[in-house]
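Colleague: The structure under discussion is supplied below as structure tokens; questions concerning it will follow.
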Amino acid sequence: MSHANPDPDPNPDPDPDRTPGLEPGGGVPPGETPPGESSMRETHNPPTGWAKAPMVLILLVVVLVAALFAAMALMIAL
11 MSHANPDPDP NPDPDPDRTP GLEPGGGVPP GETPPGESSM RETHNPPTGW AKAPMVLILL
71 VVVLVAALFA AMALMIAL
């Protein structure tokens, strides 16, 4: 089953005659577009690094896993 294409023009660009917010010639009036990148206020968000609690938890898990492997190696050696 095929569907008939109601638009015989396969051009994906919007029709300037039917697109709201465009002036003649394709221009855009002020207020129709978001502000440019240079007009936006910059925010400074410096990286703070790892927090102490997650770092301590990770190190605790690493030490426990190392102790587990050491205990397994000791049991195998006996």
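Here this note's numbering is used: the first residue of the sequence shown is 11, the next is one more, and so on. Cβ coordinates follow ideal geometry from the N, Cα and C atoms, glycine included.
Between the C-alpha atoms of LEU70 and MET85, what's the straight-line distance to the nearest angstrom?
Modeller: When rounded, the distance between both Cα atoms is 22 Å.
Colleague: Return helix, strand or coil for LEU67, following the three-state DSSP convention.
Modeller: Here LEU67 sits in helix by DSSP.
Colleague: If you run the structure through DSSP and keep just helix, strand and coil, what is VAL75?
Modeller: Looking at VAL75 - three-state DSSP - the assignment turns out to be helix.
Colleague: Give the DSSP-derived three-state secondary structure of LEU84 in the structure shown.
Modeller: Helix, per DSSP.
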